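Reviewing the structure listed below.
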Amino acid sequence: MCGIFGYLGAKDAAPILLSGLKQLEYRGYDSAGVALLHPSAGLTVTRTTHRLTDLESKLTELNGHAHGSLLGIGHTRWATHGRASEENAHPHTSLDGKIAVVHNGIFENFKQIRAELQEHGHIPRSETDTECFPMLLSHIMSDGGDFADSFGAAVRSMKGKYAIACIHADNPGKILLARSGPPLVVGVSKDEYFIASDVAPLLAYTREVIYLEDGDVAELTKKGLRVFDREGRSAERLPQRVNWDRTATELDGYKHFMHKEIFEQPEAITRTVEAHLRNGTVALELALSDAAKRDIDAISILACGTSWHAGLVAKFLIEQIARIPVDVDYASEYRYRNPIVSKKTMAIGITQSGETADTVAALGEAKTRGAWSLAICNCVGSQVTRLANGVLYTHAGVERGVASTKSFTTQLAILTLLAIDLGRARGTLAADESAKLLAALRELPELVKKAQAVEPHVKAAAVEWHSTPSALYLARGPLYPVALEGALKLKEISYIHAQGYPAGEMKHGPIALIDAQMPVVALLQSDLHSDRMLSNLQEADARGAPIIAVTSEGEHSLDSLADTIIRLPAVHPSLAPILYTIPLQFLAYHMAVLRGCDVDCPRNLAKSVTVE
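According to the working numbering, the sequence shown is numbered sequentially starting from 38.
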């Protein structure tokens, strides 16, 4: 969601803050701002409701009042409390202008604190929950309190989820930090430090990062980082090295990150698969014995959005291969329905960022109730990885497009490996079948490259249908979650209303919407579902619906039925969901480009949803 970037060192902070914030644009924002602490000019706050280029222009106009600052904090805001306006943009300040704060998350008790502060003359100037924090801190310090001690007291007064960075005009060499929920990462380099809500913007400056943990309050100076835990005790947080390729944060000749990331999927899948194989067999480092795997009697998959669709595919895979019943829950609902969990339950939280608030909370709830918890995640050191009993990393690399592409396909790859591992441990998957599936997984990146060759054909369909007001995606079996994912992609970035359904559900409502203006995107593989799928499509065709079919080479049952046919190479049935995802990503992308949409930063969306 919102983005934080900060700097403390010996260089001009303004251009560094702008560069860092630009690396956070993919998270989505509707306003932005920076606070700079200049040795002579003092604290300067600059904000905008436009793009970061406008903020850069405003900083240029300030001349010496901004440039030459050696310390600063910046923010990109995605509105929660209060509309997108300059007075609601971060950083927020105390009434005397000496304290500046940037904040991700939500202060749940801000109305109460605001009311108490108003009684002491602190009149709010914005509609936000954030503004109450610098005012509260200023009020505490008015009694002679030290900046750091008063900051700790203010943090303890706040309820909710938050990541905070704070500076004070009278403390020019210090940034104070606090975390409870949303991520906050400190990048460590020689004689300088960087603060961010995400690892990606730090890669231009350092690979050594320190993740603050829940409840931490920290003090950053040129001497280093001092951290105190929830109980106020000094705590050691060791640096970790991030091995992501910095070029992943650059467009590298592509017009959009989403387009680039679609083409990065073969390499991402290769990294993911090879990282979890040893001597040609699956080797998942789960600290879970084969006996414990055989004892599992239920799996609960907890996820949101695209990751939830990956979980739906995993249900087919795990139930078929390992013969364990699987439930797939929306993480946002899981905690509120008194779920049934036992010590024989494996709970799997799937989240690209590792910071998705609902997924982290749901996995924590399952763990508290006795489940063995597993995180499937792309980000080392993220919140979910510290919570779970076991972690499987997807190795997708940096993904900057808000609409997930390679995160989804690498999640499917890791879930396939998990299904194989469980099947082998439980004796439900024969050695020869396991070998065939692993061989197919290793061949999959080449098939994905071949599937990417359909892009011109998909683009032609997008040219024809990019003005449609609505679309219907249909499939059966393990491809139906891919239909849901394709419809989600179209909604997210082109703003076209789209719905995905299991094809058998079409007659239970959606068929009422079908006419000649609604294209039907159909996924059909030659399998036991083919005949039923064809029957459903004939019903759509009878009502005039244009049909865009994605099918396999050699499948000709749609030749006289579909208006557009996109053919993919033959693939192992268990891996078809990965391959069939590729043309749907291209379709959403080109529809959005043709409609003039902001592909990488679609309106109202955030890359990582760190609050409920």
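All C-beta atoms, glycine included, are put in the ideal place defined by N, C-alpha and C. None of these values were measured; they are calculated from a predicted model.
- If you draw a 10 Å sphere on the C-beta of serine 444, you find 16 or more other C-beta atoms in it, and that means buried.
- Alanine 559 and isoleucine 584 do touch by the CB rule: their CB atoms are close to 6 Å apart, below 8 Å.
- Contact between valine 350 and proline 518 is confirmed by a C-beta separation of about 5 Å, below the 8 Å threshold.
- The Cβ atoms of asparagine 426 and leucine 449 do not sit closer than 8 Å to each other.
- Put simply, of Ile53, Leu54, Glu62, Asp49 the residue whose alpha carbon is nearest the alpha carbon of asparagine 641 is Glu62.
- Cβ-Cβ distances below 6 Å link leucine 605 to Ala488, Ser589, Leu616 in the same chain, with the five nearest sequence neighbours on each side left out; the list follows chain order.
- With a cutoff of 8 Å on beta-carbon distance, glycine 434 and alanine 305 are scored as near each other.
- With respect to the 8 Å criterion, alanine 152 and serine 68 are not classified as neighbours on the basis of their beta carbons.
- Between valine 417 and the set Tyr291, Ser563, Gly142, Tyr248, the nearest pair of CA atoms involves Tyr248.
- Sorting Glu483, Ala233, Cys638 by C-alpha distance to the C-alpha of leucine 54 places Ala233 at the top.
- For lysine 292, no alpha helix (DSSP H) run applies, since DSSP gives it neither H nor E.
- With respect to glutamate 301, glycine 46 sits apart: the two C-beta atoms are not nearer than 8 Å.
- DSSP assignment within the segment 425-466 yields the following whole beta strand (DSSP E) runs of 3 residues or more, N-terminal first: 427-430.
- Glu492 is the residue among Glu492, Ile533, Asp552 whose C-alpha sits nearest the C-alpha of histidine 296.
- Taking C-beta separations shorter than 6 Å and ignoring five residues to either side along the sequence, the partners of isoleucine 299 in its chain run Thr442, Gln622, following chain order.
- Isoleucine 451 and glutamate 123 have their alpha carbons spaced roughly 44 Å apart.
- Take the alpha-carbon of methionine 628 and the one of leucine 527: they are about 8 Å apart.
- One alpha carbon belongs to methionine 555, the other to glycine 342, and they sit about 24 Å apart.
- Between phenylalanine 42 and glycine 142, the C-beta gap is not smaller than 8 Å, which leaves the two residues out of contact.
- Counting along the chain, isoleucine 585 sits inside the beta strand (DSSP E) bounded by residues 584-589.
- By the CB criterion at 8 Å, leucine 89 and leucine 58 fall inside the cutoff.
- The straight-line gap separating the alpha-carbon atoms of valine 319 and aspartate 364 is approximately 24 Å.
- At a Cβ-Cβ threshold of 8 Å, isoleucine 548 and alanine 456 do not count as neighbours.
- With 16 or more other Cβ atoms inside 10 Å of its own Cβ, histidine 313 counts as buried.
- Secondary structure of tryptophan 502 (DSSP, three-state): helix.
- The Cβ-Cβ distance between histidine 129 and glutamate 168 falls below 8 Å.
- The secondary-structure analysis by DSSP pairs glutamine 622 with nothing; it has no beta-bridge partner.
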